[in-house]
Amino acid sequence: MQKHVILRGAFFLTLAGVVGRIIGFFYRIFLSRIIGAEGVGIYQLVFPLYALTYSLTVSGIQTTISRFVSAKTASGDRKGALRILQSGLFLSLVLSLVTSSLLFRFHHILAVSFIKEERCSQLLKLLAFSVPFGSVHACIDGYYYGRKCTSIPAIGQILEHILRFLSVFLLYSIWKEKGIPITPAIAVCGIIIEELMAVLFSATALTIHLSGNPVNQPPLHSPMVYLRELVTFSTPLTLNRVLVNLLQSVEAFLIPLQLRLAGMNTSEALSLYGILTGMALPLILFPTALTSSVSTMLLPVISEAQATRDLKRILSAIRRTCFGCLLLGLFCWLSFLLFGDFAGDFLFQSRTAGSFITSLAWICPLLYLTPALFAILNGLGKTGSVFLHNLTGILIRILFILIAIPKAGIPGYFWGLAAAQAVLSVLSLMTLAKTLLPSAQTK
Numbered sequence: 207m208q209k210h211v212i213l214r215g216a217f218f219l220t221l222a223g224v225v226g227r228i229i230g231f232f233y234r235i236f237l238s239r240i241i242g243a244e245g246v247g248i249y250q251l252v253f254p255l256y257a258l259t260y261s262l263t264v265s266g267i268q269t270t271i272s273r274f275v276s277a278k279t280a281s282g283d284r285k286g287a288l289r290i291l292q293s294g295l296f297l298s299l300v301l302s303l304v305t306s307s308l309l310f311r312f313h314h315i316l317a318v319s320f321i322k323e324e325r326c327s328q329l330l331k332l333l334a335f336s337v338p339f340g341s342v343h344a345c346i347d348g349y350y351y352g353r354k355c356t357s358i359p360a361i362g363q364i365l366e367h368i369l370r371f372l373s374v375f376l377l378y379s380i381w382k383e384k385g386i387p388i389t390p391a392i393a394v395c396g397i398i399i400e401e402l403m404a405v406l407f408s409a410t411a412l413t414i415h416l417s418g419n420p421v422n423q424p425p426l427h428s429p430m431v432y433l434r435e436l437v438t439f440s441t442p443l444t445l446n447r448v449l450v451n452l453l454q455s456v457e458a459f460l461i462p463l464q465l466r467l468a469g470m471n472t473s474e475a476l477s478l479y480g481i482l483t484g485m486a487l488p489l490i491l492f493p494t495a496l497t498s499s500v501s502t503m504l505l506p507v508i509s510e511a512q513a514t515r516d517l518k519r520i521l522s523a524i525r526r527t528c529f530g531c532l533l534l535g536l537f538c539w540l541s542f543l544l545f546g547d548f549a550g551d552f553l554f555q556s557r558t559a560g561s562f563i564t565s566l567a568w569i570c571p572l573l574y575l576t577p578a579l580f581a582i583l584n585g586l587g588k589t590g591s592v593f594l595h596n597l598t599g600i601l602i603r604i605l606f607i608l609i610a611i612p613k614a615g616i617p618g619y620f621w622g623l624a625a626a627q628a629v630l631s632v633l634s635l636m637t638l639a640k641t642l643l644p645s646a647q648t649k
């Protein structure tokens, strides 16, 4: 049964991811019709900052909870696994309440000075209420990932998408009937309701689980020991995620700017950037619904095997996962290369999108492999290495944006993506070899 745990868990998460993306597709169509293209644009402007709050408050903590819950469950320390969850909830709640308060207090300054769009002010103020809810349910999901029980997070993901769609539809009907203007704030209200219901669902599921499986054994350590472990492991992970989200913000600013230096006017640069980020890249990244699910399940499996010193199981998981990711990448590379132009015309009525899809097809194998390698390294406790690798990739991409785009246009960005993925893959494989070879030689 253990050898199928990754596939079984990945199946539930992949199913939830695919269903969620389908619901999200129809939701975006509905949203564009009720608030218009400009409204959708204003709504999208707040997401880099919203993603940054998630990275600061819970992203690294969730991964840490997953890793330690898996390791402590494997060693029979069920009370320790529960204490890790409690410590994570405490730390994440403190961070989220502080972040939420700052977002609520300085929403206008952030909208005007950082986002450069005053109409985002009210959206940021509303988003502040969702941050604590999102932190709590993400921590509980991390506990379930660590126990390799993905059905609860998967069901929760689907419910979130459904409830967001239904809540916005209901609010739209009420606001329209009462003559209240339909603004992007309606979508943010949907996020708040979605996160609130997600907390209620995950907390209820956890309560039922704990009442049916009481943990009576005494803890092996004091609460401060578990909290210290959590902080030590999650800090580089959090920095890593913060840097990734900052990079997305930097790219959103730099790419159109550098395209203008390449000779385009503002309208042309923003249109090209929109085709890249709103059409081509989402299609290229759609298969990551599978690879991200595998990566989520891989971390606790690797952590558990490391805790039991089962090197054979670690190597087997690495071989199977890397082979699967590369196989998926090669299949998508060939598919996008052959049918990318058709996909651009058929899905987006854009030949430029089709051209971008065929150009980006070449990075698919490494693009799908890298998250799995990062998950393996995180599972082995190499969070610092993952942080440094991501930092290297970020610097490479920014370097190509600054130097290559003004000279070659948007293909310069494609070169940067390819170079960054190649370097990340090589660095990750070298770190894996350095970590595992000494253990293999002593066997």
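Taking our numbering as reference, the numbering of the sequence shown is continuous, increasing by one, and the terminal residue is 649.
Think of the CB as a built atom: it goes at the ideal place given N, C-alpha and C, for glycine as much as any other residue.
Measuring from the CB of residue i, is there a heavy atom of the ligand GTP at a distance below 7 Å?
i: E324; result: Ligands displayed in this structure: none; no statement on the ligand GTP is therefore possible.
Using the three-state DSSP reduction, which class does residue i fall into: helix, strand or coil?
i: G587; result: coil
i: Q464; result: helix
i: Q555; result: coil
i: D283; result: coil
i: T356; result: coil
i: F335; result: coil
i: V405; result: helix
i: T598; result: helix
i: M485; result: helix
i: M470; result: coil
i: G615; result: coil
i: P254; result: helix
i: E457; result: helix
i: T389; result: coil
i: K209; result: Because the pLDDT at K209 is just 48, under 50, the model does not fix this residue reliably, and the value given afterwards should be weighed accordingly. In this structure, K209 counts as helix in the three-state DSSP scheme.
i: E656; result: Since the first residue shown for the chain is 207 and the last is 649, residue 656 is missing from the structure and cannot be characterised.
i: P577; result: helix
In its own chain, which residues sit with a C-beta less than 6 Å from the C-beta of residue i, not counting the 5 before and 5 after it?
i: L642; result: none
i: G178; result: No answer is possible for residue 178: it lies beyond the span of the chain, which begins at 207 and ends at 649.
i: T270; result: L436, F439 and S440
i: I240; result: Y378 and I388
i: Y432; result: R289, I290 and S293
i: F554; result: M485
i: S341; result: T263, V264, S298 and S302
Tell me which same chain residues have a C-beta within less than 7 Å of the C-beta of residue i, skipping the five on either side of it?
i: P254; result: N451, Q454, S455 and A458
i: T589; result: F439, P442 and L443
i: S556; result: I481, M485 and G550
i: L575; result: C528, C531, L532, G535 and S631
i: A344; result: V264 and Q268
i: R447; result: S261, S265 and G266
i: W568; result: W539 and A624
i: A626; result: G599, I602 and R603
i: G226; result: Q363, I364 and H367
Pick out whichever of the options has its Cα sitting closest to the Cα of residue i.
i: I364; options: I392, L601, E401 and P390; result: E401
i: V300; options: I524, E324 and V264; result: V264
i: I594; options: L449, A639 and S336; result: For the sequence presented, residue 594 should be read as Leu rather than Ile. Residue L449 is the option with its Cα nearest to L594.
i: I611; options: G230, D347 and L467; result: L467
i: D347; options: T410, L517 and Q250; result: T410
i: E324; options: F552, G230, K613 and P390; result: P390
i: L540; options: C570, G226, P617 and A404; result: C570
i: L251; options: R447, I321 and A581; result: I321
i: L489; options: L412, L445 and L573; result: L573
i: V337; options: T356, S327, F310 and I358; result: F310
i: Y256; options: F274, C326 and P577; result: C326
i: T413; options: I358, V394, H367 and E366; result: I358
i: V394; options: F335, S417 and L445; result: F335
i: L376; options: T637, L638 and Y233; result: Y233
Assuming residue i and residue j make a contact with CB atoms under 8 Å, what is their CB distance in whole Å?
i: L534; j: L496; result: 7 Å
i: G585; j: I508; result: 3 Å
i: L579; j: S522; result: Contact doesn't hold; Cβ gap of about 16 Å is too wide.
i: V592; j: L601; result: So it is not a contact: roughly 15 Å between Cβ atoms.
i: G362; j: F407; result: 5 Å
i: H367; j: G223; result: Not a contact, Cβ separation roughly 10 Å.
i: F606; j: G622; result: 3 Å
Leaving out five residues on either side along the sequence, give the residues of the same chain with a beta carbon under 8 Å from the beta carbon of residue i.
i: L221; result: A360
i: L465; result: E474, A475, L478, Y479, I611, G615 and I616
i: F339; result: I398, E401, L402, A404 and V405
i: I609; result: G618
i: A628; result: L572
Exercise. Between the stretch 528–547 and the stretch 555–563, do three or more beta carbon pairs fall short of 8 Å?
Worked result: Yes, the stretch 528–547 touches the stretch 555–563.
Exercise. Below 8 Å, can you find three or more Cβ-Cβ pairs linking the stretch 304–324 to the stretch 377–387?
Worked result: No, they do not touch.
Exercise. Do the stretch 331–344 and the stretch 274–292 make contact, defined as three or more Cβ pairs closer than 8 Å?
Worked result: Fewer than three Cβ pairs drawn from the stretch 331–344 and the stretch 274–292 lie within less than 8 Å of each other, which leaves the two stretches out of contact.
Problem set entry | Stretch-stretch touch, CB-based, cutoff 8 Å, three pairs: the stretch 303–311 with the stretch 349–358 | No: fewer than three Cβ pairs fall under 8 Å.
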